[in-house]
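S.K.: Attaching a single structure in structure tokens format; questions to follow.
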Ligand SMILES: [Zn+2]
Ligand SMILES: [Zn+2]
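In the working numbering, the protein residues as written are -4 to 303.
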């Protein structure tokens, strides 16, 4: 009889308790997740949605970088005597392109609160570092990023440079498997290269207007600050809509905001040690002067929030 009870009553009772315990644990996990989501919000910032096919996060499975993971990675930091962001124009720029480049460099100085310098222009390589790009019946020359990252820049990086970045109107490619790339950087060597060519409608055989000129400047400011963010050791942001989001296309890049999310800002502030409100005020002033009203308002809202 005792044996019967153990088999048919006690065992089912024990397994019912086990199921209840498992359900309780699942409920507790769901509740904890809900609470984290509920409080992990910041006014004015939006979380990244579920990645769609074609999005950067859909095609690139990158590991997440927490603040403490960032600190532990011992990123490069500007030190006394090595704080200047150097920009090296390579190849021809017309008057408007030159103005866009110079304004974007000024913006980068405010964004990182570091001194900037634009060096005297250098020519593009003559042979061996290029191929022919082709699309829609048009043909143009593309240059391999390895020329800038391995040949040109490391040999002449200035003593006081935190980073030395080539800017060109020529189209770039990283290797034969890619159609093109907007920019590439080598953290170890503290050098990088960006192409502005695709930010201007002339690349697609169209004429530029006041609106496209503004858009080209916004895109240039975004790519320079994004790539420089990598040079401070910040990985792609996978949580918020943020300047450090990766982008697979110009459409995705255009959806990327100019500001850093709270997580990425915390990393940059730790690295450089700037005063966050002063930085926001300087950026807002610049954006307003350049008539980027919407973007300036975002920074104004952040200043207001930090002062509360
Ligand atoms: Zn990136
Ligand atoms: Zn971020």
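Don't be surprised by glycine CBs; every beta carbon is placed ideally from N, CA and C.
Please list, in chain order, all residues of the same chain as residue 92 whose beta carbon is under 6 Å from its beta carbon, the five residues on each side excluded.
M.R.: If you number the chain shown from 1, residue 92 lands on position 97. If you ignore the 5 residues before and after residue 92, its C-beta comes within less than 6 Å of the C-beta of 164, all in its own chain and listed in chain order.
S.K.: On a Cα-Cα basis, can you pick out the residue from 205, 215, 182 that is closest to residue 193?
M.R.: In the chain shown, counting from the first residue as 1, residue 193 sits at position 198. Nearest C-alpha to residue 193: 215.
S.K.: For ligand 2, I want to know if residue 239 counts as a neighbour, meaning its beta carbon is within less than 7 Å of at least one of the ligand's heavy atoms.
M.R.: Walking along the chain shown from the start, residue 239 turns up at place 244. The answer is yes for residue 239.
S.K.: Can you list, in chain order, the residues of its chain with a C-beta nearer than 8 Å to that of residue 68? Leave out the 5 residues immediately preceding and following it.
M.R.: Counting from 1 along the chain shown, the entry for residue 68 is found at position 73. Correct list, in chain order: 60, 228.
S.K.: Looking at the structure shown, is residue 152 part of a helix, part of a strand, or coil, going by DSSP?
M.R.: Taking the chain shown and counting its residues from 1, the one referred to as residue 152 is at position 157. Looking at residue 152 - three-state DSSP - the assignment turns out to be coil, as it is neither helix nor strand.
S.K.: In angstroms, rounded to a whole number, what distance separates the CA positions of residue 73 and residue 276?
M.R.: Position 78 of the chain shown, counted from the start, is the residue given in the question as residue 73. Position 281 of the chain shown, counted from the start, is the residue given in the question as residue 276. So the two alpha carbons sit approximately 22 Å from each other.
S.K.: On the DSSP letters alone, give me the boundaries of the beta strand (DSSP E) that residue 85 sits inside.
M.R.: The sequence position of residue 85 within the chain shown is 90, counting from 1. First-last of the beta strand (DSSP E) with residue 85: 79 to 85.
S.K.: From the DSSP output, read off the bridge partner residues of residue 158.
M.R.: Here residue 158 corresponds to residue number 163 of the chain shown, with the count starting at 1. Answer is 80, bridged to residue 158.
S.K.: Please state if the CB of residue 195 and the CB of residue 211 are separated by a distance shorter than 8 Å.
M.R.: For the purposes of this step, residue 211 is taken as the residue at position 216 of the chain shown. For the purposes of this step, residue 195 is taken as the residue at position 200 of the chain shown. Yes. Within cutoff.
S.K.: Between residue 180 and residue 225, is the Cβ-Cβ spacing less than 8 Å?
M.R.: What you label residue 180 is simply residue 185 of the chain shown in a count that begins at 1. What you label residue 225 is simply residue 230 of the chain shown in a count that begins at 1. In contact: residue 180 and residue 225 (Cβ atoms closer than 8 Å).
S.K.: Thinking C-beta only, is residue 80 closer than 8 Å to residue 157?
M.R.: Start at 1 with the first residue of the chain shown, and residue 157 comes out as number 162. Start at 1 with the first residue of the chain shown, and residue 80 comes out as number 85. For residue 157 and residue 80, yes; Cβs fall inside 8 Å.
S.K.: Compute the Euclidean distance between the alpha carbons of residue 112 and residue 161, then round it to the nearest angstrom.
M.R.: Start at 1 with the first residue of the chain shown, and residue 112 comes out as number 117. Start at 1 with the first residue of the chain shown, and residue 161 comes out as number 166. In a straight line, the C-alpha of residue 112 is about 12 Å away from that of residue 161.
S.K.: Is residue 225 a contact residue of ligand 1, with contact defined as CB to any heavy atom under 7 Å?
M.R.: To locate residue 225, count along the chain shown from 1; it is residue 230. Result yes, Cβ under 7 Å from ligand 1.
S.K.: If I follow the unbroken beta strand (DSSP E) through residue 229, where does it start and stop?
M.R.: One-based indexing of the chain shown puts residue 229 at position 234. Segment: none, residue 229 is in no beta strand (DSSP E) and carries neither H nor E.
S.K.: Between the Cα of residue 172 and those of 273, 139, 213, 258, spot the shortest distance and give me the residue it belongs to.
M.R.: Taking the chain shown and counting its residues from 1, the one referred to as residue 172 is at position 177. It is 139 whose Cα lies nearest to the Cα of residue 172.
S.K.: What separation, rounded to the nearest whole angstrom, lies between the Cα atoms of residue 85 and residue 44?
M.R.: The residue labelled residue 85 in the question sits at position 90 within the chain shown. The residue labelled residue 44 in the question sits at position 49 within the chain shown. Their Cα atoms are separated by approximately 38 Å.
S.K.: What distance in whole Å lies between the Cβ atoms of residue 114 and residue 90, which are believed to be in contact at a cut-off of 8 Å?
M.R.: On the chain shown, position 95 is the one that residue 90 refers to. On the chain shown, position 119 is the one that residue 114 refers to. Going by Cβ atoms, the distance from residue 90 to residue 114 rounds to 19 Å, so no, they are not a contact pair.
S.K.: Distance, Cα to Cα, residue 42 vs residue 254?
M.R.: Mapped onto the chain shown, residue 42 falls at position 47. Mapped onto the chain shown, residue 254 falls at position 259. Their Cα atoms are separated by approximately 14 Å.
S.K.: Is any heavy atom in ligand 2 found nearer than 7 Å to the beta carbon of residue 293?
M.R.: The residue labelled residue 293 in the question sits at position 298 within the chain shown. Result no, Cβ not under 7 Å from ligand 2.
S.K.: Quick one: what's residue 181 bridged to in DSSP?
M.R.: Translated into the one-based positions of the chain shown, residue 181 becomes position 186. According to DSSP, which records beta bridges pairwise, residue 181 is partnered with 186.
S.K.: How would you write the range of the alpha helix (DSSP H) that residue 65 sits in, first residue to last?
M.R.: For the purposes of this step, residue 65 is identified with residue 70 of the chain shown, where counting begins at 1. Residues 62 to 67.
S.K.: Which whole-angstrom value describes the C-beta separation of residue 273 and residue 264, a residue pair presumed to lie in contact below a C-beta threshold of 8 Å?
M.R.: Numbered from its first residue, the chain shown carries residue 273 at position 278. Numbered from its first residue, the chain shown carries residue 264 at position 269. Residue 273 to residue 264, Cβ: 11 Å. No contact.
S.K.: Would you identify the three-state DSSP class for residue 168, choosing helix, strand or coil?
M.R.: As a first step, residue 168 is located in the chain shown; it is residue number 173 there, counting from the start. In this structure, residue 168 counts as strand in the three-state DSSP scheme.
S.K.: Determine the direct distance from the alpha carbon of residue 167 to that of residue 98, and round the result to whole angstroms.
M.R.: Residue numbering aside, residue 98 sits at position 103 when the chain shown is read from its first letter. Residue numbering aside, residue 167 sits at position 172 when the chain shown is read from its first letter. Each residue's alpha carbon lies about 22 Å from the other.
S.K.: CA-CA distance, residue 101 and residue 129?
M.R.: Within the chain shown, the letter at position 106 stands for residue 101. Within the chain shown, the letter at position 134 stands for residue 129. Cα to Cα, residue 101 sits roughly 34 Å from residue 129.
S.K.: State the DSSP-derived secondary structure class of residue 138, mapped to helix, strand or coil.
M.R.: One-based indexing of the chain shown puts residue 138 at position 143. The answer is strand: DSSP assigns residue 138 an E or B state.
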